[in-house]
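Here is the structure we will look at, set down as structure tokens.
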Amino acid sequence: MKYVDEFRDATIAQKLINRIQRFKFNRKVRFMEVCGSHTVAIYKSGMRNLLPDIDLISGPGCPVCVTSALDIDRTIQLTRMPDTILATFGDMIRVPGSSSSLQNEISQGAEVKVVYSSYDALKIAEDNPGKRVVFLAVGFETTSPTIAAAILQAEKKGLENFSILSYHKLIPPAMKALLTGEQVHIDGFICPGHVSVIIGSKPYEFIPQQYHLPAAITGFEPVDILHALFMMMAQIKENRPAVEIPYSRAVKPEGNPMAIQRLYEVFEPSEAKWRGLGVIADSGLKLRRRFQKYDATQYYDLSVAESSDPPGCECGSILKGLKKPSECPLFASVCNPSRPIGPCMVSSEGSCAAAYKYG
Amino acid sequence: MEEKRILLSHGSGGTMARDLIDQYVVKHFENPILNLLNDQAVFPTSSSRLAFTTDSYVVDPIFFPGGDIGKLAICGTVNDLAVCGATPQYLSCSFMIEEGFLFSDLEKILLSMKEACKEAGVKIVTGDTKVVNRGSLDKIFINTAGVGSLEEGLSISGNKALVGDKVLITGFLGDHEIAIISKRENLGFVTHVQSDVAPMNGIVKALLQKGLGSRLHAMRDPTRGGLATVLNEIAAQSQIGVIIEEDKIPVREEVKGACEILGFDPLYLANEGKLVIFLDSQKAEEVLSVIKKTRYGSDAQIIGEVIAEPKGKVLMRTGIGGTRIVDMLATEQFPRIC
């Protein structure tokens, strides 16, 4: 397959591995990826055991995983309301809240429809004029512009029964929170490829400028990731931290200005609660005043009791890179993909699910 | 003119039911045993050991590129018999039909079942038809059961894989599931991939005829859960490890592309016309060349081998030379694919 095979090429991969191995820092270098697709790609390629001098740690890169238990409980509460259809991406279905999951609610009659895009949710709203259709808006900057486009479309069509629960998250503020928190030692960030297609490289400039650390925006094939690791190792060696873009076939420094424009036409930054990281200022997205009528919380009372993570579950520490999945006492014993306890085991892009599946 | 539809009374046991059976089912499946229309089939057997299996088919959509629910219902059961080395002979067939189902669609399904039976060399010798109220089930479900005779001395079973065995797959992975998914309405996804649904007893017969039966240790058809699930099942049952080579696993470019878009792994996709075989390494090349000459085996590949450790686990050497675990499928990627 063109543009895929080249980036899985064993000879090129081996050359990069050899060059990476030539850097010697007399310690393990720790790079964090903050994108679930990178987590899966790293596990799937089996590259960890080819890079003994590098520790690859997973951060808060899976939108399902970072959604707080409270927000899951609110969503479940919403599906119990009359004449309501919840449209959601499939990964959210199995995430356990404090006492139930969407999957469980479906078995008891809740109307939940799995969609591949927010436009599918609009279609459901058009087809069901007698019901309120709520789209569970979860995701990073990759998906949020498409939700913004759906809202603009709903406005254009005059759709009155469509609204969203906005649990969107923004990635750079979470990266900053991790560096500020100083709990976890990071030598550099593998920046997310898809998110960066939208936001470009500027939002990561604080990493070299304020924290003097390397960063590389890269794609999802083994050669992409190895290329990023090589660039960051070179930055450390030459003491010239910067944001580099090995994924230049998809990412431009300025990102996608039209998508950004749409995104901020509809949404504005707001504080958001992340699982594991807690509340982070300006790391979420709320609808601007002009689009208030598409905010589902206007129509429903979603007050639920404050909930905590399941006892023993280390998803919070794992999302911060403080622990590895195998260091959680529940991992693989009580918590597995068939019976997940925490969200990192539910989502196919969660670090625990990836570690379990490909470990 | 309004198309003729199946009514509740076609399942009543009265004359309309009789018409449905005579004019549709028996018309296409006719053979001396079925034609007697007794409550059971009585048939002779030459073998002291029989293999027996059953499966229900609920695939959605019922007509898909490369096949339909009828062909699937024959091939699925034939393949479940063939994987222990049995020669499939007699099948039962039960239809559960939703009121209002088109006779023309039923006829299409019956014809394709007839065709599949002919190719596999099996007879439908007994059956049943039920009609349920509209909405009680989706269009049509089919159950088939089958018996096959087993040669003396054959002992192919999931717990018989041995350290050093080679692992072989008879062709491209994932065609069935991608063909089904491409037809699901909400994906808006176009592909020309056809389901691989086919009877596998021809391949097994060719191997038995060459006297290679005793060299086959474990065999299974990688349906739901795909290759990864079958390998894990056999690793657990035989208490051995398996290592496969990513580069050697046959996957069509179109299927690879669909997997990239949908986030699937071809190792977990369902197949309806493939065999995974664990076999004596000394005869591996011979088995491969016999299979390659059969109708459905031209793309067969040896993809890996059995290792002593880690027991019960499946490993894969990745394209870039790393190693990773290949785990069982935890939950279905898509429901109702067969």
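Protein chains in written order, with the working numbering: chain A, 27 to 385; chain B, 2 to 339.
C-beta: ideal position from N, C-alpha, C; glycine also.
All values derive from a computational prediction rather than experimental measurement.
Under the Cβ distance rule, ALA254 of chain A does not count among the residues neighbouring chain B, no pair being separated by less than 7 angstroms. When Cβ-Cβ separations below 7 angstroms define contact, PRO248 of chain A makes contact with chain B. With a cutoff of 7 angstroms on beta-carbon distance, ALA162 of chain B and SER282 of chain B are scored as not near each other. Buried is the label assigned to ARG221 of chain B, since at least 16 other Cβ atoms lie within 10 Å of its Cβ.
Per DSSP, reduced to three states, the secondary structure at VAL168 of chain B is strand. Counting only runs of at least 4 residues, the segment 265-331 of chain A fully encloses the following alpha helix (DSSP H) elements, listed from N- to C-terminal order: 283-292.
For ARG325 of chain B, the neighbours in chain A by C-beta distance under 7 angstroms run, in chain order, TYR69, LYS70, GLY72 and TYR384. GLY175 of chain B sits away from LEU330 of chain B, with the two beta carbons spaced by 7 angstroms or more. Of the candidates A:LEU205, A:ILE243 and A:GLY214, the residue whose Cα lies closest to the Cα of SER222 of chain A is A:ILE243. The three-state secondary structure of PRO223 of chain B, taken from DSSP, is coil. For GLN283 of chain B, the secondary structure class from DSSP, reduced to helix, strand or coil, is helix.
Straight across, the Cα-Cα distance linking ILE157 of chain B with VAL84 of chain B is about 8 angstroms. The alpha-carbon separation between PRO66 of chain B and PHE51 of chain A amounts to approximately 57 angstroms. When B:LEU92, B:ALA74, B:VAL59 and B:ILE278 are compared, the shortest CA-CA separation from GLY159 of chain B is found for B:ILE278.
The C-beta distance from GLY128 of chain B to SER183 of chain B rounds to 32 angstroms, too long to meet the 8 angstroms contact threshold. Nearest in C-alpha terms to VAL372 of chain A, of all of A:GLY87, A:CYS91, A:PRO171 and A:TYR230, is A:CYS91. For THR130 of chain B, the enclosing beta strand (DSSP E) has its first and last residue at 124-133. Partner residues in the beta bridge of LYS139 of chain A, as assigned by DSSP, are A:ALA113. Per DSSP, the beta-bridge partners of LYS195 of chain A are A:GLY310. Taking a cut-off of 8 angstroms on C-beta distances, the segment 285-300 of chain B does not touch the segment 20-29 of chain B, as fewer than three cross pairs fall below it.
Sixteen is the threshold: since fewer than 16 other Cβ atoms of the shown chains lie within 10 Å of the Cβ of PHE53 of chain B, the residue is exposed.
Interface residue (Cβ-Cβ distance to chain A less than 7 angstroms): THR192 of chain B is not classified as such.
The DSSP-derived three-state label of THR168 of chain A is coil. Not flagged as an interface residue toward chain B: LEU185 of chain A, since no C-beta distance is shorter than 7 angstroms. Here the segment 116-128 of chain B makes contact with the segment 60-80 of chain B; the two share three or more CB pairs at distances below 8 angstroms. For ASP300 of chain B, no Cβ of chain A is located within less than 7 angstroms of the residue's own Cβ. Within 10 angstroms of the beta-carbon of ALA136 of chain A lie 16 or more other beta-carbons, which makes it buried.
At least one beta carbon of chain A lies nearer than 7 angstroms to the beta carbon of ASP328 of chain B. Within the same chain, and ignoring the five residues on either side of ASP40 of chain B in sequence, no residue has its Cβ closer than 7 angstroms to its Cβ. PHE357 of chain A has A:CYS361 as its beta-bridge partners, per DSSP.
Annotation note: the segment 68-111 of chain B contains the following uninterrupted beta strand (DSSP E) runs of length 3 or greater, listed N- to C-terminal: 88-99.
Annotation for PHE142 of chain B: the continuous beta strand (DSSP E) segment containing it runs 141-150.
Annotated three-state conformation of GLN238 of chain B is helix, per DSSP. Here ALA147 of chain A is actually not in contact with ALA174 of chain A; their C-beta atoms are around 13 angstroms apart, not less than 8 angstroms.
With a contact defined as Cβ atoms closer than 8 angstroms, PRO89 of chain A and PHE215 of chain A miss out at about 18 angstroms. The shortest C-alpha to C-alpha distance from SER143 of chain A to any of A:GLN40, A:TYR29 and A:LEU162 is the one to A:LEU162.
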